[in-house]
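First up is the structure itself, then whatever we jot down about it.
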Amino acid sequence: MIKKSLLSLVCATALFAQNNEVEQLKKDMAQLQQQLSNMQKRIQTLEATKPVVEEKEETLESMAQETHSVPVATLLPDISLILNGGYTSRNKSNTQYAKKTSIPGFVDEGDMEIQNNAKDGFNFNYAEVAMGATVDPYFNASAIFHIHGDGTLEVEEAYFVTRALDYGLRVKAGKFKSAFGRANEKHHHAWNFEDQELINNTLFGLDGLGGEGAQLQWVAPTPFYLMAGFELFNGNPNQGFSAKESASTAVGYLKTSTSIKDLTLLAGVSYANGKSEIQNLDGLGDPIPDSFTNFGQTNIYGADFTLEYPLGNQSSLIWQNEWIQRDMDVAITTKKQAGYYSELLYKINGNWATGIRYDDITKNHAELSADSVNNLHRSSIKLDYKPFEFSRFRLQYNKDDSKFIDGEAKTINEIILNYTLELGAHGAHSF
Amino acid sequence: MKKIIIALFCSLPIFASVHVTAAYPYIGELVKTIAKDKVEVSVIAQASSDPHFVTPRPSYIGILRNSDLLILNGGDLEIGWIPPLLAQSNNPKIIQGASGYLDLSKYIKLIDKPTNLSRAGGDVHGDGNPHYSLDPHNMLTLAKVIMLKLSNLDSANKNSYHANYDAFALHWGEKLAQWDSKMGSCRNSKLVQYHELFSYFLNRYSISTASTIEPLPGISPNSKHSMELIGLIRNEKIKLIIQDDYHETKSAQFIAEKSGAKAVILPHDVGALPNTASLEALFDTIVAKICQP
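From first to last, the protein sequence lines stand for chains A and B.
Sequential numbering of the first sequence, starting at 1, is according to the working numbering.
Sequential numbering of the second sequence, starting at 1001, is according to the working numbering.
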């Protein structure tokens, strides 16, 4: 306020000085002085006639309702526990599925990573422990851990974000998921379907694009939502990047959203660039352990758009689409791969939701030449039942034509029944 | 020319009006009443939606990014949707604890504070029932809080805010007297609510809630509980079932038909039903529908 008044004063002075209206200023000053002395007199009379019992003027502080003292426990981070598991039924045996599956051009036989709903039979996927709190006036911090059924512990995310930067800026640093595209940033239990979108899974692996890094996001001062972000990560071979050079994976994106009457549109474009490496082969064509050629570039382009239309209370129709392309150019290997998914979700009410999804790899120019590798696709349908906000049961069917078993294209049919239970201080999900 | 440029440059940051974002329509109406044209008001939640479950659309982030003041109902009513929006709007002026963050529930004595907090009891709020805005007597307090907050943030227009508040208080006082007298004949009656949404209004006029259509707060009705309700309504000779506009109406209709009570849909916020476009019209409608002579 003082700053503003000073600024006004300076401006006012500048304006008057310009016109040499110093005389006018003097007159005004005299007038002000007169007014001031009048007011002083008035205050004196008022004070003399002041009633004995002073009526307290109400302020925001005095109007606040007294609450009982806040327990120190509220300084502990918010803690939540999420349990996720279920039952899977698949037309392929566990050995075949885990050891003999490949996705040509993306995943070699035996390298398939399946963590959730992996086994034909009962699955306990993970217990997620999430903690988060405001550190001090300047930072918030959170950590999300997954404890898997086999006892392994994974740090999904652990990061801090600034809370007091000006100009619409925010910095995040630590280990976190990239905000590339639409689906990448979300955690498994917040996914629209039980399994990752095919193009995301094949390009970035199970954990998606991200890792140890830093992020800068800027929300533009526009009447509609416009956000630009930039991220830098250590390269991660699981995501198609080389780990040899420090912080070599760069990500940038632009997102915008607007609501026209009831219809909401969210759209974004994303780009990632980094160094990649390939494993060298010996004379027989077998990979040589720990021997890599590392002088290539990978460029990844993404575009996404989502339409949301509310149909009533807690009921809406959502159409979400994302397309991603990867151009990898490492030594003699060039890969040009692209795919998309399209999801139509219908939230019937607070308890029920359903949805269909189609995943398609549209381009797969890798070193392989088999015709069928261009025809990788998957269709999914799901039904969600939420007895209450914090529990969800999901039934999903996949007709998966994206995988090869023992080198041959096979259709995998799977039915997944999954439960997600959220306990404790669970944060609200974003859009 | 120079003078004009200096004048323009100076006037822009200093006299740009205050942007206020209101979580719910009734808060927007209060701000408009106190501030008139002195501020720009945006309202996030639509009157037609359940105040607990507002979709956190990213388009709202753009609104929050440019706000100088965010006014919330509080009492955890927004807990399911405002935190992610606030976190993504990157606006330090309106984060919790900042001068541009106003939680109105802090100025109202909340009722039905749970003694035992467990989600086995459904969607209970730790601070108590957050639907205090449906007691018309609370509007005076809320209007005063908003007036004081606006005066702090924008002291240049302080006198105007005070004058508008005084005019509102005078008029609202007359309306309160009218509503109080109209409700007189309905005191000490009993009814059934869908959710404990109108509890503050009912408390004000000594009307008790015999039961709710929801078996537990936030839990959808089930047939076992509905059958019990029908018995209760018959036994206690309850005449009225009230509910909001956003929940399904089949349960209330069914219970009404079987029990002989009358099911009535009430507006829960400004604009929720036709002819409820102002605060005054909102309470005129509620009073007329609950207390029919």
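Glycine included, every Cβ here is placed at the ideal spot set by N, Cα and C.
- Taking all protein chains shown into account, decide if P310(A) is buried (16 or more other Cβ within 10 angstroms of its Cβ) or exposed. On the first sequence, residue 310(A) is found 310 positions in, with the first residue counted as 1. The residue in question, P310(A), is buried, as its Cβ has 16 or more Cβ neighbours within 10 Å.
- Task: With 9 Å as the threshold, decide whether the Cβ of P223(A) is near any Cβ in chain B.
- Result: Translated into positions along the first sequence, residue 223(A) becomes position 223. It does: the Cβ of P223(A) has a partner Cβ on chain B nearer than 9 Å.
- Query: Could one say the Cβ of A127(A) lies closer than 9 Å to chain B's Cβ atoms, at least one of them?
  - Reply: Position 127 of the first sequence holds residue 127(A). No, A127(A) does not count as interfacial toward chain B.
- For S1189(B), the nearest candidate out of L1134(B), K1109(B), E1236(B) and N1090(B) (CA to CA): Position 189 of the second sequence holds residue 1189(B). Residue E1236(B) is the option with its Cα nearest to S1189(B).
- Item | C-beta atoms of K1175(B) and A64(A) nearer than 9 Å | For the purposes of this step, residue 1175(B) is taken as the residue at position 175 of the second sequence. For the purposes of this step, residue 64(A) is taken as the residue at position 64 of the first sequence. The Cβ atoms of K1175(B) and A64(A) do not sit closer than 9 Å to each other.
- Query: Along the chain, where does the alpha helix (DSSP H) that runs through H1171(B) open and close?
  - Reply: Locating residue 1171(B) in the second sequence gives position 171, counting from the first residue. It spans K1158 to M1183 - the alpha helix (DSSP H) in which H1171(B) sits, taken as one unbroken run.
- Own chain partners of G424(A) with C-beta closer than 8 Å, once the 5 adjacent residues on each side are dropped: On the first sequence, position 424 is the one that residue 424(A) refers to. Only D78, I79, S80 and L81 meet the Cβ criterion.
- Message: With a threshold of 9 Å between beta carbons, is G427(A) in contact with chain B?
- Response: Position 427 of the first sequence, counting from 1, holds the residue named residue 427(A). Interface residue, yes.
- Anyone know if the C-beta pair for D1076(B) and I1094(B) falls short of 9 Å? Reading the second sequence from its first residue, position 76 is the one you call residue 1076(B). Reading the second sequence from its first residue, position 94 is the one you call residue 1094(B). For D1076(B) and I1094(B), no; Cβs fall outside 9 Å.
- Message: So R1057(B) contacts chain A; which residues on that side make the cut at Cβ distance below 9 Å?
- Response: Numbered from 1 along the second sequence, position 57 holds the residue referred to as residue 1057(B). Chain A residues near R1057(B): Y225, S257, S259, T264, L266, E308 and F431.
- Query: Excluding the five sequence neighbours on either side, which residues of its own chain have a C-beta within less than 6 Å of the C-beta of V1039(B), listed in chain order?
  - Reply: Along the second sequence, one-based indexing puts residue 1039(B) at 39. Answer for V1039(B): S1017, V1018 and V1020, listed in chain order.
- Among residues of its own chain, excluding the 5 on either side of T264(A), which ones have a beta-carbon nearer than 6 Å to its beta-carbon? Your numbering for residue 264(A) matches position 264 in the first sequence. The answer, listed in chain order, is E308.
- Message: Between I416(A) and chain B, is the shortest Cβ-Cβ distance under 9 Å, so that the two count as touching?
- Response: Walking along the first sequence from the start, residue 416(A) turns up at place 416. Not closer than 9 Å to any Cβ of chain B, the Cβ of I416(A) fails to qualify, so no.
- Query: So, does the CB of D436(A) fall closer than 9 Å to a CB anywhere in chain B?
  - Reply: Shown here, chain A extends from 1 to 431; a query on residue 436(A) therefore has no answer.
- Q297(A), DSSP secondary structure in three states: Your numbering for residue 297(A) matches position 297 in the first sequence. Strand at Q297(A).
- Chain-ordered chain B contacts of D166(A) [CB-CB under 7 Å]: Here residue 166(A) corresponds to residue number 166 of the first sequence, with the count starting at 1. Those are P1092, listed as they occur along chain B.
- Item | Whole-angstrom distance between A428(A) and T1209(B), CA atom to CA atom | Mapped onto the second sequence, residue 1209(B) falls at position 209. Mapped onto the first sequence, residue 428(A) falls at position 428. For T1209(B) and A428(A), the distance between alpha carbons rounds to 31 Å.
- For K99(A), which of G110(A), N238(A), S89(A) and N84(A) has the nearest alpha-carbon? Working through the first sequence from its first residue, we reach residue 99(A) at position 99. With distances taken between Cα atoms, K99(A) lies closest to G110(A).
- Message: Taking the alpha-carbon of T74(A) as reference, which of W218(A), V219(A) and G132(A) has the nearest alpha-carbon?
- Response: Reading the first sequence from its first residue, position 74 is the one you call residue 74(A). Comparing Cα-Cα distances from T74(A) to each of W218(A), V219(A) and G132(A), the minimum goes to G132(A).
- Message: At the level of alpha carbons, what is the spacing between G1218(B) and K172(A)?
- Response: Counted from its first residue, the second sequence places residue 1218(B) at position 218. Counted from its first residue, the first sequence places residue 172(A) at position 172. The C-alpha of G1218(B) lies about 35 Å from the C-alpha of K172(A).
- Query: For N364(A), is the classification buried or exposed, using 16 other Cβ atoms within 10 angstroms of its Cβ as the cut-off for buried?
  - Reply: Stepping through the first sequence from its first residue, residue 364(A) is reached at position 364. A buried status is given to N364(A), since no fewer than 16 other beta-carbon atoms sit within 10 Å of its beta-carbon.
- Would you be able to state if there are at least three C-beta pairs under 8 Å between the segment 1192-1203 of chain B and the segment 1130-1139 of chain B? yes
- Query: Where does L1117(B) land, buried or exposed, given buried means 16+ other C-beta within 10 angstroms?
  - Reply: Mapped onto the second sequence, residue 1117(B) falls at position 117. The residue in question, L1117(B), is exposed, as its Cβ has fewer than 16 Cβ neighbours within 10 Å.
- Could you name the residues of the same chain whose beta carbon sits closer than 6 Å to that of N321(A), not counting the 5 residues immediately before and after it, in chain order? The residue given as residue 321(A) occupies position 321 in the first sequence. F305 and S342.
- Query: Which stretch, first to last residue, makes up the beta strand (DSSP E) that contains T411(A)?
  - Reply: Residue numbering aside, residue 411(A) sits at position 411 when the first sequence is read from its first letter. Note, T411(A): beta strand (DSSP E), E408 to G424.
- Quick one, are the C-beta atoms of I361(A) and N374(A) less than 9 Å apart? In the first sequence, counting from the first residue as 1, residue 361(A) sits at position 361. In the first sequence, counting from the first residue as 1, residue 374(A) sits at position 374. Contact: yes.
- Query: What does DSSP give as the partner residues of E157(A) in its beta bridges?
  - Reply: Against the first sequence, residue 157(A) aligns to sequence position 157. According to DSSP, which records beta bridges pairwise, E157(A) is partnered with I144(A).
- Smallest Cα separation from L1191(B): which of D1244(B), P1130(B), L1030(B) and I1207(B)? Position 191 of the second sequence, counted from the first residue, corresponds to residue 1191(B). The residue with the shortest Cα to Cα distance from L1191(B) is I1207(B).
- Just tell me which of D262(A), E113(A), K275(A) and F230(A) has its CA closest to the CA of L206(A). If you number the first sequence from 1, residue 206(A) lands on position 206. Checked all of D262(A), E113(A), K275(A) and F230(A); the closest Cα to L206(A) is E113(A).
- Query: If the cut is a Cβ gap below 7 Å, which residues of chain A does R1119(B) touch?
  - Reply: As a first step, residue 1119(B) must be located in the second sequence, where it is residue number 119. Chain A residues near R1119(B): F390.
- Pull up the distance between the alpha-carbon of Q1046(B) and that of P1025(B), whole angstroms please. On the second sequence, residue 1046(B) is found 46 positions in, with the first residue counted as 1. On the second sequence, residue 1025(B) is found 25 positions in, with the first residue counted as 1. Roughly 7 Å between the two C-alpha positions.
- Task: Could you tell me which chain B residues have their CB closer than 7 Å to the CB of S142(A), listed as they occur along the chain?
- Result: Indexing the first sequence from 1 puts residue 142(A) at position 142. Correct list: empty, because the minimum Cβ distance to chain B is about 10 Å.
- Query: Taking the runs of the beta strand (DSSP E) that are 3 residues or longer, which of them lie wholly in the segment 194-263 of chain A?
  - Reply: 210-219, 225-233 and 249-260
- Query: Roughly how many angstroms lie between the CA atoms of Y271(A) and A303(A), to the nearest whole one?
  - Reply: Here residue 271(A) corresponds to residue number 271 of the first sequence, with the count starting at 1. Here residue 303(A) corresponds to residue number 303 of the first sequence, with the count starting at 1. Inter-residue distance for Y271(A) and A303(A) is about 9 Å (C-alpha atoms, whole angstroms).
- Contact belief for Y1089(B) with V251(A) at Cβ below 8 Å, rounded distance in angstroms: The residue labelled residue 1089(B) in the question sits at position 89 within the second sequence. The residue labelled residue 251(A) in the question sits at position 251 within the first sequence. Sequence inspection shows Ser at residue 1089(B); the Tyr mentioned does not correspond to that position. About 21 Å separates the two Cβ atoms, so there is no contact after all.
- Item | Helix, strand or coil at V1054(B) [DSSP, three-state] | Translated into positions along the second sequence, residue 1054(B) becomes position 54. Taken through DSSP and simplified to helix, strand or coil, V1054(B) comes out as coil.
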